[in-house]
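Before any comments, here is the structure.
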Amino acid sequence: EPEVTQTPSHQVTQMGQEVILRCVPISNHLYFYWYRQILGQKVEFLVSFYNNEISEKSEIFDDQFSVERPDGSNFTLKIRSTKLEDSAMYFCASSAASLNSPLHFGNGTRLTVT
Amino acid sequence: GEDVEQSLFLSVREGDSSVINCTYTDSSSTYLYWYKQEPGAGLQLLTYIFSNMDMKQDQRLTVLLNKKDKHLSLRIADTQTGDSAIYFCAESPSNYQLIWGAGTKLIIKP
Numbered sequence: 001e002p003e004v005t006q007t008p009s010h011q012v013t014q015m016g017q018e019v020i021l022r023c024v025p026i027s028n029h030l031y032f033y034w035y036r037q038i039l040g041q042k043v044e045f046l047v048s049f050y051n052n053e054i055s056e057k058s059e060i061f062d063d064q065f066s067v068e069r070p071d072g073s074n075f076t077l078k079i080r081s082t083k084l085e086d087s088a089m090y091f092c093a094s095s096a097a098s099l100n101s102p103l104h105f106g107n108g109t110r111l112t113v114t
Numbered sequence: 115g116e117d118v119e120q121s122l123f124l125s126v127r128e129g130d131s132s133v134i135n136c137t138y139t140d141s142s143s144t145y146l147y148w149y150k151q152e153p154g155a156g157l158q159l160l161t162y163i164f165s166n167m168d169m170k171q172d173q174r175l176t177v178l179l180n181k182k183d184k185h186l187s188l189r190i191a192d193t194q195t196g197d198s199a200i201y202f203c204a205e206s207p208s209n210y211q212l213i214w215g216a217g218t219k220l221i222i223k224p
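In the order they appear, the protein sequences are chains A and B. Counting from 1, position 100 in the first sequence corresponds to residue 100 in the numbering used here; the numbering is continuous, with no gaps. Counting from 1, position 29 in the second sequence corresponds to residue 143 in the numbering used here; the numbering is continuous, with no gaps.
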C-alpha cells in the first residue's frame, strides 16, 4: 500500500539554526499538509498546500516557517531560525482530494532543538 | 472555537470489546476520523465516517456517530494486545485541516 515517507526520523539542531524536514507524499495525491505534536499535547495543524501554493495556515505557521514542493515528489517544511519551543514531532500528510479523501500521515520527524 | 474531547485512558481485558468515546463541537464537519498511533510510530488512519452516516463497520471496528449529541465512538471487538496504542479522534471543520482530540491510550490487561 502506498505510504507517506518522511526523513529524517530524528533531527537534532541548535537554537537559531535552519532545518528542513522532508516528505514524499503518496504519488497521486494533490493536497499536502504539515502537522506537529509537541510532547504531551494535541496534534496541531500547521499548513496545507495545493497547486503549488498555501491553501490554509494556522497561527503557529509564522514567518519562520515555509513550505515548498521543489520537484514532483518532495514536500518540505523549513524552519528558518529554530527556537526551543519548535521541538516537536512533525507529521506530513497527503490526501487525494480535500473533501472526499482522508489524510494519510507519515511516521513523523522528531525535531529536538537544543 | 472547535474542540474535540476524549478521555485519556481506557483499560480493557484481552478478548473484551473496547469502546473509545469522543465529543466534538463543529456540526459542519464533513468527515470524522479515528487514527491509531503506536509507540514511536506515525498516525495510522484506522477508519472514518461521513457525517450523514450513523454507523460504519469494518471487520473488528465499529464506528457510531450521533450527530445530535456530536458524539463519536470507536468499538474494537475482541481486543488484542496488538491493539495497544493511542487512538485519536479528529474532525474536519474546514476543507484543509483536522482538529484533533488529545488521544485515548488503550491499555490491554491479560
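Here a beta-carbon is modelled for each residue, glycine too, at the ideal position from N, C-alpha and C.
Buried/exposed call for residue i, threshold 16 Cβ in 10 Å
i, result
"Arg127(B)", "exposed"
"Asp172(B)", "exposed"
"His10(A)", "exposed"
"Met89(A)", "buried"
"Leu154(B)", "The identity of residue 154(B) in the sequence shown is Gly, whereas the question assumes Leu. Its Cβ having fewer than 16 others within 10 Å, Gly154(B) is exposed."
"Leu122(B)", "exposed"
"Asn107(A)", "buried"
"Ala97(A)", "exposed"
"Ile190(B)", "buried"
"Gly217(B)", "buried"
"Ser143(B)", "buried"
"Ile222(B)", "buried"
"Glu205(B)", "buried"
Cβ-Cβ separation, residue j to residue i (assumed contact under 8 Å), whole Å
i, j, result
"Glu18(A)", "Ile60(A)", "That belief does not hold up - the Cβ atoms of Glu18(A) and Ile60(A) are roughly 18 Å apart, past 8 Å."
"Tyr138(B)", "Lys181(B)", "Wrong, their Cβ atoms sit about 10 Å apart, outside the cutoff."
"Ser165(B)", "Leu178(B)", "In fact, because the Cβ distance is near 13 Å, the residues do not count as touching under 8 Å."
"Tyr31(A)", "Leu46(A)", "Incorrect: roughly 14 Å between the Cβ atoms, too far for contact."
"Leu103(A)", "Asp86(A)", "Wrong, their Cβ atoms sit about 22 Å apart, outside the cutoff."
"Leu160(B)", "Lys150(B)", "5 Å"
"Val133(B)", "Cys203(B)", "So it is not a contact: roughly 13 Å between Cβ atoms."
"Phe105(A)", "Gly156(B)", "5 Å"
"Phe91(A)", "Gln37(A)", "7 Å"
For residue i, the three-state DSSP class (helix, strand or coil)
i, result
"Glu56(A)", "strand"
"Asp86(A)", "helix"
"Thr195(B)", "helix"
"Thr112(A)", "strand"
"Tyr145(B)", "strand"
"Ala155(B)", "coil"
"Thr218(B)", "strand"
"Met15(A)", "coil"
"Phe61(A)", "coil"
"Ile38(A)", "coil"
"Glu68(A)", "strand"
"Asp117(B)", "coil"
"Ser94(A)", "strand"
"Met167(B)", "coil"
"Arg80(A)", "coil"
"Ser208(B)", "coil"
"Glu3(A)", "coil"
Where residue i meets chain E, residues with beta-carbon distance less than 8 Å
i, result
"Ser208(B)", "Reference to chain E is not applicable here, since the protein chains of this structure are A and B."
C-beta atoms of residue i and residue j nearer than 8 Å
i, j, result
"Leu77(A)", "Leu21(A)", "yes"
"Leu124(B)", "Leu188(B)", "no"
"Thr114(A)", "Val12(A)", "yes"
"Ser73(A)", "Tyr210(B)", "no"
"Ala93(A)", "Val4(A)", "yes"
"Ile213(B)", "Pro207(B)", "yes"
"Met15(A)", "Thr109(A)", "no"
Under 8 Å, CB to CB, which of the residues in the region 132–155 of chain B have a partner in chain A? Thr144, Tyr145, Tyr147, Tyr149, Ala155
Determine which residues of the region 36–51 of chain A have a Cβ less than 7 Å from any Cβ of chain B, and write them out in chain order. Lys42, Val43, Phe45, Ser48
Chain B contacts from the region 6–33 of chain A (Cβ-Cβ distance under 7 Å): none
Interfacial residues, the region 188–216 of chain B to chain A, with Cβ spacing under 9 Å: Phe202, Ala204, Ser206, Ser208, Asn209, Tyr210, Gln211, Leu212, Ile213, Trp214, Gly215, Ala216
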